[in-house]
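Heads up: take any position in the sequence shown, counting from 1, add 18, and you land on my numbering.
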Amino acid sequence: MVTTATPATTHPPAAPPAPSAPRPVGFWSLGHSVLDSAGSHNGTAVDTGWDGGAAVFARTSPSAITTSGPVLATGPGKSFTVSASVYLTSIPTAPQYADTAVSQDAGTDSGFYLQYFQPCNCWTFARVAADTANPSADRAQSGSAAQVDVWTHLVGVYDAANGALSLYVNGKLAGAAVDQTPFASNGPLAIGRAYYNGQQTDWFHGLITTVQVFDKALNPSEVAALQ
Numbered sequence: 019m020v021t022t023a024t025p026a027t028t029h030p031p032a033a034p035p036a037p038s039a040p041r042p043v044g045f046w047s048l049g050h051s052v053l054d055s056a057g058s059h060n061g062t063a064v065d066t067g068w069d070g071g072a073a074v075f076a077r078t079s080p081s082a083i084t085t086s087g088p089v090l091a092t093g094p095g096k097s098f099t100v101s102a103s104v105y106l107t108s109i110p111t112a113p114q115y116a117d118t119a120v121s122q123d124a125g126t127d128s129g130f131y132l133q134y135f136q137p138c139n140c141w142t143f144a145r146v147a148a149d150t151a152n153p154s155a156d157r158a159q160s161g162s163a164a165q166v167d168v169w170t171h172l173v174g175v176y177d178a179a180n181g182a183l184s185l186y187v188n189g190k191l192a193g194a195a196v197d198q199t200p201f202a203s204n205g206p207l208a209i210g211r212a213y214y215n216g217q218q219t220d221w222f223h224g225l226i227t228t229v230q231v232f233d234k235a236l237n238p239s240e241v242a243a244l245q
């Protein structure tokens, strides 16, 4: 009797599973509505429009989308992440020096700013030193110039463990800074504007879509999974 051995088969090692993004606490796709698909923080749109599955903002007051109250906890000991896809259509000129994609109002300023900043012609993720008039700011900013008429994916991460501010542009770490004076922002989350010196300001000019916020500091793999 002859026994034929079955040849051993080899398989390439399985690829590691793709990282999955954690669940956001707020998610506004802004395709054609201001609904929050992750929770109950639906927005209210004023002087905005829709174009190709994105919200359109006019860089004029009061063109913005806002929630009725806070979505993120931004006070001491609170980590968070903010993400948005933006299409800036022009550079602001004086007296406006920034176009803000996402922020959240406090009493006098915003608790954070995910924005274009004209003095450096770059994208930034910023926090100010105190909720007071004319505060200084800590900014994680991109080393390369921001581009207009191009879709750009922005992610701002604040890690309360070490006060680290991180800015990711199109999935890659673009800048870092440290903010050791966080404060609570108990007003609405705003898409398309900021709040500074007690006034709504920094109106965005262009399109914004796929806004997500998380109540934790995402790691680089989790940030990459948002794209």
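We treat Cβ as the ideally placed atom computed from N, Cα and C, and that holds for glycine.
For Ser-239, there is no enclosing beta strand (DSSP E); the residue is found in the alpha helix (DSSP H) stretching over 238-242. Listed in chain order, the beta strand (DSSP E) runs fully inside the region 165-227 are 169-177, 182-187, 190-196, 207-209, 212-214 and 217-219, counting runs of at least 3 residues.
Residue state for Gln-136 is assigned as helix, using DSSP reduced to three classes.
Its Cα nearest to that of Ser-108, the residue Ala-116 stands out among Ser-47, Ala-116 and Ala-102. Here Val-241 is not near Trp-46, since their CB atoms are 8 Å or more apart. Membership of Asp-156 in the beta strand (DSSP E) is indicated by the continuous run 155-159. Inter-residue distance for Ala-119 and Val-104 is about 7 Å (C-alpha atoms, whole angstroms).
By the criterion of a C-beta distance shorter than 6 Å, Pro-110 is surrounded in its chain by Asp-117 and Gln-136, once the five residues flanking it on both sides are discounted. For Gln-122, the enclosing beta strand (DSSP E) starts and ends at 116-123. Residue pairing of Gln-230 in beta bridges, as defined by DSSP: Phe-45 and Ser-101.
For the set Asn-188, Gly-174 and Ala-208, the Cα lying nearest the Cα of Ala-194 is the one of Gly-174. According to DSSP, residue pairing for Ile-83 in a beta bridge involves Ala-63 and Ile-209. Straight-line spacing of the CA atoms in Asn-60 and Gly-44 works out to 9 Å. Inter-residue distance for Phe-232 and Asp-156 is about 21 Å (C-alpha atoms, whole angstroms). Between Gly-189 and Gln-245, the CB-CB gap stays under 8 Å. Going by DSSP, Ala-73 is part of the beta strand (DSSP E) stretching over 73-76. Phe-201 is positioned such that its CB atom lies no closer than 8 Å to that of Arg-77.
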